[in-house]
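Q:
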């Protein structure tokens, strides 16, 4: 089997708010680990998952260390396909300028099409 055949297209889908559960943080850790194995990774942020990318989060009041800036490390791991659902962004009164990383804003149908092209889709 050639090296090219070993590469899988894997999309991680972040749907939950970043704080109050471990899903987003563990999802980010999983992405960083998988990136070391040189897979074709992408990440879609949908619904409250968009808040994981919001700039200037103050988590002192909830007694935890914020990790949104860790998403900036993805670029160093060649995880550059970051997609945000347009409607989710608009519903939360956010724009691309409010996010800690560069993303591609897409309609839900476009994100759905991308999901269908993946070998694996992992929801966090």
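Numbering (my numbering), first residue to last: 338 to 461.
Don't be surprised by glycine CBs; every beta carbon is placed ideally from N, CA and C.
Ends of the beta strand (DSSP E) at residue 369?
A: The residue labelled residue 369 in the question sits at position 32 within the chain shown. Bounds of any beta strand (DSSP E) do not take in residue 369; it lies within the alpha helix (DSSP H) bounded by 360 to 372.
Q: Can you give the Cα-Cα distance for residue 419 and residue 385, rounded to whole angstroms?
A: For the purposes of this step, residue 419 is taken as the residue at position 82 of the chain shown. For the purposes of this step, residue 385 is taken as the residue at position 48 of the chain shown. The straight-line gap from Cα to Cα measures roughly 15 Å.
Q: What's the call for residue 422, buried or exposed, on a 16-neighbour Cβ count within 10 Å?
A: Residue mapping note: residue 422 aligns to position 85 of the chain shown, counting from 1. Looking at its Cβ environment, which holds 16 or more other Cβ atoms inside 10 Å, residue 422 is buried.
Q: Who are residue 379's beta bridge partners in DSSP?
A: Counted from its first residue, the chain shown places residue 379 at position 42. Under DSSP, residue 379 takes part in a beta bridge, and its partners are 348 and 418.
Q: Which partner residues of residue 441 appear in the DSSP bridge assignment?
A: On the chain shown, position 104 is the one that residue 441 refers to. Beta-bridge pairing links residue 441 to 420.
Q: Which of helix, strand or coil does DSSP assign to residue 436?
A: If you number the chain shown from 1, residue 436 lands on position 99. In this structure, residue 436 counts as strand in the three-state DSSP scheme.
Q: For residue 438, count neighbouring Cβ atoms within 10 angstroms of its own Cβ and tell me buried if that reaches 16, exposed if not.
A: As a working mapping, residue 438 is identified with position 101 in the chain shown. Buried is the call here.
Q: Assuming the contact rule is C-beta atoms closer than 8 Å, residue 452 and residue 348 should be a hit. Round their C-beta distance to whole Å, please.
A: To locate residue 452, count along the chain shown from 1; it is residue 115. To locate residue 348, count along the chain shown from 1; it is residue 11. Right, their Cβ atoms sit about 6 Å apart.
Q: Closest to residue 449 by C-alpha separation, out of 393, 350, 360 and 378, would be which residue?
A: Indexing the chain shown from 1 puts residue 449 at position 112. Comparing Cα positions, the closest option is 350.
Q: Less than 8 Å between the CB atoms is what I'm expecting for residue 370 and residue 380, so what's the real figure, rounded?
A: As a position in the chain shown, residue 370 is number 33, starting the count at 1. As a position in the chain shown, residue 380 is number 43, starting the count at 1. That pair is no contact at about 14 Å.
Q: In terms of residue numbering, what span does the beta strand (DSSP E) encompassing residue 461 cover?
A: Position 124 of the chain shown holds residue 461. Careful: residue 461 lies outside any beta strand (DSSP E) and carries neither H nor E.
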